[in-house]
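In the working numbering, the protein residues as written are 32 to 149. All residues carry an ideal CB built from backbone N, CA and C; glycine is no exception. These figures come from a predicted structure and were not determined experimentally. The structure appears right after this line, and notes come after that.
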Amino acid sequence: MLNKKKIHIVDTTLRDGSHAMMHRYTEAQVTAIAAGLERVGVDFIELSHGDGISGSSINYGFSAVSELDLLKAASTVVKNAILTVLLIPGVGTIDDLKKAQECGAKAVRVATHVTEAD
32 MLNKKKIHIV DTTLRDGSHA MMHRYTEAQV TAIAAGLERV GVDFIELSHG DGISGSSINY
92 GFSAVSELDL LKAASTVVKN AILTVLLIPG VGTIDDLKKA QECGAKAVRV ATHVTEAD
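In structure tokens form, the structure reads like this:
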């Protein structure tokens, strides 16, 4: 018997995928990828620096474009999916989360590095 409950798809290409690109996504790339993910029905699109909001730093590598600008770009084409960001406490702050929300983020995933768990 087939289970009729929906499985929600979360895509992290625009966050985790930025590591492979040295955090160099452009607004045009983000818009094109987000539009494609929207078109195929992805439920959640996670977008931020690879190390979460405000990860653009000497510690984690600088982004080519501000993640707030990338969120704004994605929000122009994302109408049904939920734009999501990653927040790592100590890297990003509540103020960063509020700014991300103003730029189109509707959800947050919170994570920590296992090496920092006490």
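Is Asp150 near Val41, with beta carbons less than 8 Å apart?
-> Residue 150 lies beyond the stretch modelled for the chain, which goes from 32 to 149, so this question has no answer here.
Is it true that the CB of Leu101 sits closer than 8 Å to the CB of Leu78?
-> For the purposes of this step, residue 78 is identified with residue 47 of the sequence shown, where counting begins at 1. For the purposes of this step, residue 101 is identified with residue 70 of the sequence shown, where counting begins at 1. Their beta carbons are under 8 Å apart, which means Leu78 touches Leu101 by this criterion.
Reduced DSSP category for Asp127 - H, G, I as helix; E, B as strand; rest coil | By one-based count along the sequence shown, residue 127 stands at place 96. Helix.
Taking 7 Å as the cut-off, is the CB of Ser94 close to at least one heavy atom of the ligand GTP?
-> In terms of ligand content, the structure shown is empty, and the ligand GTP therefore cannot be addressed.
Evaluate Glu133 with the Cβ neighbour count: other Cβ atoms within 10 Å of its Cβ, from every protein chain shown; 16 or more gives buried, anything less gives exposed.
-> Taking the sequence shown and counting its residues from 1, one reaches residue 133 at position 102. Exposed.
Span separating the alpha-carbon of Ala63 from that of Val96 = Here residue 63 is taken as the residue at index 32 of the sequence shown, counted from 1. Here residue 96 is taken as the residue at index 65 of the sequence shown, counted from 1. When rounded, the distance between both Cα atoms is 15 Å.
Helix, strand or coil for Gly81 per DSSP?
-> Taking the sequence shown and counting its residues from 1, one reaches residue 81 at position 50. It is coil, neither helix nor strand.
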